[in-house]
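2 protein chains.
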Amino acid sequence: MARKPADQSVNRETILHAAADVLRRNGYEATTMKDIASEVNLTAASLYHHFRNKDALLLAVLEGGLDHAISQIEPVVQSNKTPTEKLHEMARLHVLTLTSNTAVGAAMIFEIRPLMNLKADGRNGAHSYSDDFITKRDAFFQRREYFELLFRQVVKDGMTTGEFREVDIPIYTKSIIGANNWVAVWYKEGGRLSGQEIAELIADGAIRAVKSD
Amino acid sequence: MARKPADQSVNRETILHAAADVLRRNGYEATTMKDIASEVNLTAASLYHHFRNKDALLLAVLEGGLDHAISQIEPVVQSNKTPTEKLHEMARLHVLTLTSNTAVGAAMIFEIRPLMNLKADGRNGAHSYSDDFITKRDAFFQRREYFELLFRQVVKDGMTTGEFREVDIPIYTKSIIGANNWVAVWYKEGGRLSGQEIAELIADGAIRAVKSD
DNA sequence: AAAATAATCGAATATAGATTTAATTATATC
DNA sequence: GATATAATTAAATCTATATTCGATTATTTT
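What follows is the structure, given as structure tokens:
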């Protein structure tokens, strides 16, 4: 057996989905190429036809997740709603994103640290990361800051219009995002509340925390 | 060289502190015994004199962190303050715990998943976890639930007294804890605000989210 | 229907990293 | 001071991966 017939063949997207799933279960470091490969009925070796290496594969998963989240939030910021409405909708969509794709959601949280603090190898014989990987990693973090910036902007606008009280913008933005992100940690499908309901409740709380008296 | 003179000798506590630090930087999976050993000028082999294995060592760090957090929160719950005061103080102390010990704080977040989803080895030749480890792991999670329960109880009390609006207790508790926990992700010493200030601000937000109108 | 390209695999390579073992030296106890 | 125990190490072991390589078969292009 070598190349599989067309209908059993696997494409990049399929691999990314599977990888996200494995990542959610095991985390960055504990995820093996074999784990991912098995998920799509390939061997580890075959993955290297689709991705340069493990780093590249896993980073691609995170990029996809972040892009999706941003694509949800961005239009809301640009709409002509009030800051209150915007913030509510943004928080709601953020949580919804996390509940509907827990794989990516959890990755967005748990893989940050391994990515931030790349093992300072290089001296010892360990694999040092490719330039390409570092570049993409940095771009990922910039985009992640942009995501947060979108929230900050709306909080700021709300303070300007007087809808929001005078809060410390970075702190409150991070609090809101933190509360949202935490959902990815505990949410399990089939629980008492739907993703929709949870998103709504959490968004309500976010607004309450910043609303003027 | 074999046994070092008394003043260069290392004890269990010292190792745990160092381990917490390495853990914060690298995370559970990426932390090697050598990493920890170097931090206290030992060899990896020496660690096995103090701890049965890597699992036991790392779990000990988490246990210590959680115990400390609980020891901070528990007295507040048992005090005769109002629920509003209690919740504020609990959130404040929780955040303060995280900023003053970021190592443990981050561990409490990032090591949950690797611990929850232990690689389902056993079939293949991989090391399966010792019974002792599993037992301690489970105890850790139970204690972690207890920590959350303390918050839930106060939220519930606040609803009873009417100080808090009718919120969904689990969701709001998790939101508050999530916002708090997130601090461990972004907090860096020497930033614009002190841990004290940050803790205060976040606690304010937590109260606002649940306060009655 | 050749020729080129894509997708896959088994097997080989290389290595890091947990754990074990046996030896060595420092403290403690008697 | 002799004996036991504690702390440490270097070296060996063993295994799980990541990654590479060459061969093989399926599509696609010409």
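Protein sequence lines, in the order shown, are assigned to chains C and Z.
Quick note: the first sequence uses the working numbering, first residue 1, plus one each step.
Quick note: the second sequence uses the working numbering, first residue 214, plus one each step.
Here a beta-carbon is modelled for each residue, glycine too, at the ideal position from N, C-alpha and C.
Owing to the predicted nature of the structure, the values given are computational and were not obtained by experimental measurement.
- With the rule of 3 Cβ pairs closer than 8 Å, the stretch 169–177 of chain C counts as touching the stretch 206–213 of chain C.
- Neighbours of residue 415/Z across chain C, judged by C-beta separation under 7 Å: 171 and 175.
- Within chain C, no residue has its CB atom less than 9 Å from the CB of residue 379/Z, the nearest being about 11 Å off.
- For residue 394/Z, the enclosing alpha helix (DSSP H) begins and ends at 382–399.
- For residue 266/Z, no alpha helix (DSSP H) segment is defined, and its DSSP state is neither H nor E.
- Residue pairing for residue 377/Z: DSSP places it in a beta bridge opposite 424/Z.
- Of all residues in the stretch 141–153 of chain C, none places a beta-carbon less than 8 Å from a beta-carbon of chain Z.
- Listed in chain order, the alpha helix (DSSP H) runs fully inside the stretch 48–107 of chain C are 54–78 and 83–100, counting runs of at least 4 residues.
- With contacts defined by Cβ atoms closer than 9 Å, residue 57/C and residue 51/C form a contacting pair.
- Remark: three or more beta-carbon pairs, one from each stretch, lie closer than 8 Å, so the stretch 291–301 of chain Z and the stretch 371–380 of chain Z are flagged as touching.
- Here residue 364/Z is near residue 300/Z, since their CB atoms are less than 9 Å apart.
- The CB of residue 181/C comes closer than 7 Å to the CB of 391 and 395 in chain Z, given here in chain order.
- Taking all protein chains in view, the Cβ of residue 375/Z is surrounded by fewer than 16 other Cβ atoms within 10 Å, so the residue is classified as exposed.
- A direct Cα-Cα distance of roughly 21 Å separates residue 273/Z from residue 26/C.
- When C-beta atoms of the stretch 315–329 of chain Z are compared with those of the stretch 99–118 of chain C, three or more pairs fall below 8 Å, so the two segments count as touching.
- Under a 10 Å Cβ-count criterion, residue 215/Z is classified as exposed, with fewer than 16 other Cβ atoms of the shown protein chains found around its own Cβ.
- Short of 8 Å from the beta carbon of residue 398/Z, and not among the five residues preceding or following it, lie these beta carbons of its own chain, in chain order: 319 and 322.
- Looking at 362/Z, 357/Z, 409/Z and 308/Z, the one whose alpha-carbon comes closest to that of residue 396/Z is 308/Z.
- The C-alpha of residue 352/Z is placed about 41 Å away from the C-alpha of residue 130/C.
- Those residues of the stretch 230–241 of chain Z placed with their C-beta closer than 9 Å to a C-beta in chain C are 237, 238, 239, 240 and 241, ordered along the chain.
- Not a single CB atom of chain Z sits nearer than 9 Å to the CB of residue 51/C.
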